[in-house]
Amino acid sequence: MAVIARVTVDAAVRKELDYIIPPEWLDKIQVGSRVKVPLGSREALGVVTALLDESPHPNLKPIIKVVPGQAPLTPSVLNLARWISGYYCCPLEIVLKTVLPEAVRQEEEGWKERLVVRPVAQVGEPLKLTPRQESILKLFDGKAEIPLQQLVREARTTAASLRRMEELHLVTITAGVVERDPYAHETIVPTQSLGLNPAQDNALARIREALDAGEPKAFLLHGVTGSGKTEVYLQAIAHALQQGKGAIVLVPEISLTPQTVERFKARFSSGSTATLVAVLHSHLSAGERHDEWKKIRQGRARIVIGARSAVFAPVESLGLVVVDEEHEYSYKQEESPRYHARDVAVYRAKLENAVTVLGSATPSLESYYNAQIKKYSLLEMPSRADHAKMPIIRVVDMREEARKAKGPPVFSLKLREGITARLEKGEQTMLFLNRRGYASSMQCPKCGYVAGCPNCSISLTYHRKEQRLRCHICGHAEKAPTECPEAACKNPAIRFSGLGTERIEETLQKLFPKARVARMDSDTLKRKEDYRRVLGDFKTGKIDILVGTQMIAKGLHFPNVTLVGIIHADLSLHMPDFRASERTFQLLTQVAGRAGRGDVEGEVVVQAFTPFAPAIQYARRNDYAGFYDAELEFRMQLMYPPLARAAIITLKSCHEEKVRFSADYVKVELEKGLKSIVDLVIAGPSPAPLIKAETFFRYQIMLRTRNMSALAKMLYPLIGAIKLPEDVSMVIDVDPVNLH
Ligand code: ADP
Ligand code: ZN
């Protein structure tokens, strides 16, 4: 009989602690339970991570209390958390903070309780009711219950009068749980399975086979935009449900729109199964999140759709995990634990014998490589399901345009003509530029002054409407000067260069004064409602041209959009990142996927100063495999992912000397400590691409090896043992996606 509980407390103690379980709690405690324990002179909450018969430590203190209700953490998710801690080099207590949402970490069970009134069916001799009482009872009109507060309001009565009715056994008043359902106000029309085309049919058959076999198989579903991947997910989920298994669907936060959620709810939530689908995303209130989470934990919701952290949803007998748009970088968390939800999904599925389906029109090189080496099974859906044609992609050489126009124009002739034609036909256009603001830098042509951020090593972006210069890294803002601020210069002819979305919008309004133009980027969309409103207006045709950053590139369906313009395709190509080419290819392909989803064939105009770059040309020909081969060649030469795995160690300090010195020292320690990893490459230390950010100087060391699990195992304790000066900090990012 276990009498000791090992607990990970919600505090930075970096180890698990043992406590005695008092007899009264023995049958209430499980692995995964939340408990309150003494910690020094304080009390703290924590999670039970193991039950033991004895402990190696003397003088244990008893647990103070067990949080009532079901243990929030399932043993399998706890195993997953342990793996994340080891692989991503992060303390377990920090992993558990991500795994268990704040809303279910509380000391009390967080259901919202209210008093509800229920009418009592009258038997025998009818009571003599007052007209008042009669009218109150009439309000129920078939309803089983009405919350007390609401009834008081609607009936213009008092709680005391209702209590009097309770004494007469006309009604009962009890505490009831009121579930907060974020989608309660939406009416959703149920949908039926579509008849599948052969490519979909084959994909589904393979997934069903794996589900039936109960094997932890991972599939890469490579299907062009509009090939009907979602329909395959839906029918695969239906199959898992029939087997009594649950499913998790991960989508990038940005595409977790009401449209997406509705497609899943519409298929699975009819009548009695209204709670079958739970939704988890960052815009839920704490109460909503708590209730959605508990619905999953209690097994009432069997399907979970959510962003990154939904990979931790406590679904029991998990059958299927879908990761839609698996190439998306937002699946990687950019703070501790720096996990990648796609990789965690595959690992979780392996632990629980579930099937994983990774879907994308532009798979990450990592996933496609895994399919090539047969770690994943490849499913291909090369054509659109709705028989819409793939759009025509035209690449415009902006060097030519600049020569003709004596300076680079915002829009090429091709794009201007295209927009004019769409406006005449009443069709819509989307323009895409991955940079907000008006101009990306402010320079003085006379003395060479460039307005830079005082805290970061980048130039400030000019925002014209508010007449301010802003740093897009740290948020620093200052008034835009009207003349060169250099005391010796004071040139009034200060210039702005580098296009931003604000400038595109302005130029459009000048060129097409009658067009209805809207801009969508994080400057114009301050609230979630703004996003919905602009998209709604675009969908209903109140907007002709939508300008935006990558926000508008993802997963939206607008059948009337027949032209997509990419203003500056090379922007992402020249980033100091080995994935720059891959990102550009993905971006162009995804953006192009927005064009021509209806009956009219779409057109994409790509403006580029390096029009023959492979990423642009392969995207133009819609040749994923060609791009993959060329790109893999380049990665192979440098032993970059996917041929090896990488980890980046970043050191930060306000003092550049100190951080450089510390980085050299860390490298020496790594070389000493990691000798046994034969294929290890240790590159650097070198200044990070953004050498200064938010006042900190940053140096990086990059490690590359084919055996990251072995490396992580050694790296984590090694790094923990390195002593650095107090004002130098260090973070490890395993499988980084963001190199600056
Ligand atoms: P993807 O997720 O691959 O981008 P979608 O699932 O959004 O593609 O499908 C694109 C369009 O094709 C949707 O309007 C969908 O309803 C339709 N569709 C999917 N499968 C079929 C099918 N088998 N028959 C007819 N239409 C389909
Ligand atoms: Zn800054």
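Take any residue in the sequence shown, note its place counting from 1, add 537, and you have its number in our numbering.
Ideal Cβ positions, reconstructed from N, Cα and C, are used throughout, including at glycine.
These numbers were taken from a predicted model, which means no experiment stands behind them.
Residue nearest to residue i in terms of C-alpha spacing, selected from the options
i: residue 587; options: 827, 1073 and 615; result: 615
i: residue 1350; options: 1055, 1046 and 656; result: With the chain represented from 538 up to 1277, any question about residue 1350 goes unanswered, as that position is not in the structure.
i: residue 1238; options: 1269, 1261 and 1258; result: 1269
i: residue 865; options: 590, 933 and 1122; result: 1122
i: residue 1009; options: 828, 1141 and 978; result: 978
i: residue 862; options: 1035, 894, 674 and 822; result: 894
i: residue 1278; options: 759, 597, 658 and 833; result: Residue 1278 cannot be examined here, being either before or after the span of the chain that is shown, 538 to 1277.
i: residue 1333; options: 594, 745 and 554; result: No information on residue 1333 is available, as it lies outside the stretch 538 to 1277 that the chain covers here.
i: residue 540; options: 573, 590 and 549; result: 590
i: residue 1043; options: 1034, 1054 and 1035; result: 1054
i: residue 627; options: 1274, 568, 638 and 1249; result: 1249
i: residue 1242; options: 577, 1234 and 1252; result: 1252
i: residue 736; options: 768, 1153 and 725; result: 768
i: residue 1045; options: 1119, 985 and 960; result: 960
i: residue 944; options: 1035, 1059, 987 and 1153; result: 1035
i: residue 958; options: 1059, 550 and 1139; result: 1139
i: residue 754; options: 550, 613 and 883; result: 883
i: residue 833; options: 844, 849 and 823; result: 849
i: residue 1214; options: 1194, 1247 and 1195; result: 1247
i: residue 987; options: 1014, 1031 and 1011; result: 1031
i: residue 1205; options: 1194, 1219 and 1170; result: 1219
i: residue 610; options: 829, 1233, 642 and 677; result: 642
Bridge partner(s) assigned by DSSP for residue i
i: residue 555; result: 543
i: residue 1018; result: Residue 1018 is not bridged to any residue.
i: residue 1034; result: 978
i: residue 969; result: 1085 and 1103
i: residue 1000; result: 1005
i: residue 1236; result: 1188 and 1224
i: residue 877; result: 869
i: residue 1144; result: 933
i: residue 895; result: 757 and 860
i: residue 1242; result: 1182
i: residue 1112; result: Paired residue(s): none; residue 1112 is not in a bridge.
i: residue 575; result: 580
i: residue 1056; result: 1084
i: residue 1067; result: Residue 1067 pairs with nothing; no bridge assigned.
i: residue 783; result: 855
i: residue 599; result: 557
i: residue 587; result: 543
i: residue 1229; result: 1234
Residue-chain proximity (residue i, chain B), Cβ-Cβ < 8 angstroms
i: residue 625; result: Protein chain content of the structure displayed is limited to a single chain, and chain B is not contained in it.
Check: residue i C-beta below 7 angstroms from any heavy atom of ligand 3
i: residue 1097; result: In the structure on display, ligand 3 does not appear, and the ligands it does have are ligand 1 and ligand 2.
Please list the segments of the beta strand (DSSP E) lying wholly inside the region 612-681, counting only runs of 3 or more residues, in order along the chain.
650-656
Mind listing which residues have their beta carbon within less than 5 angstroms of any non-hydrogen atom of ligand 2? Chain order is fine.
990, 992, 993, 1008, 1010, 1011 and 1013
Report yes or no: do three or more beta-carbon pairs, one from the region 903-919 and one from the region 1166-1182, lie closer than 8 angstroms?
yes
As an exercise, report each continuous alpha helix (DSSP H) stretch of at least 4 residues that is fully enclosed by the region 696-761, in chain order.
696-704 and 735-750
Are the region 1080-1099 and the region 1201-1210 touching, with three or more C-beta to C-beta distances below 8 angstroms?
no
Touch test, the region 615-627 against the region 883-898, Cβ-Cβ under 8 angstroms, three pairs minimum:
yes
Is it a yes or a no for the region 953-969 touching the region 1000-1008, going by three-plus beta-carbon pairs under 8 angstroms?
no
Meets three-Cβ-pair contact criterion under 8 angstroms: the region 1227-1245 and the region 1161-1169:
no
Contact between the region 1119-1138 and the region 1078-1086 is defined here as three or more beta-carbon pairs at a separation below 8 angstroms; is this criterion met?
no
With three or more beta-carbon pairs closer than 8 angstroms as the criterion, would you say the region 817-830 touches the region 853-862?
no
Would you check if there are 3 or more beta carbon pairs closer than 8 angstroms linking the region 762-779 to the region 913-933?
yes
Do the region 971-986 and the region 949-957 make contact, defined as three or more Cβ pairs closer than 8 angstroms?
no
If contact is defined by three or more beta carbon pairs under 8 angstroms, each pair taking one atom from either stretch, is the region 871-879 in contact with the region 1259-1276?
yes
Is the number of C-beta pairs between the region 1252-1268 and the region 1024-1037 that are closer than 8 angstroms three or more?
no
Inter-stretch contact (C-beta, 8 angstroms, three-pair minimum) for the region 1103-1120 and the region 1141-1148
yes
Could you say if the region 628-641 and the region 682-695 meet the contact criterion of at least three C-beta pairs nearer than 8 angstroms?
no
Hey, which unbroken runs of the beta strand (DSSP E) at 3 residues or more fall wholly within the region 786-860?
814-817 and 840-843
Decide if the region 930-941 is in contact with the region 1187-1200; the criterion is three or more beta carbon pairs, one per stretch, under 8 angstroms apart.
no
Cβ contact check for the region 738-745 and the region 770-780: 3 or more pairs under 8 angstroms:
yes
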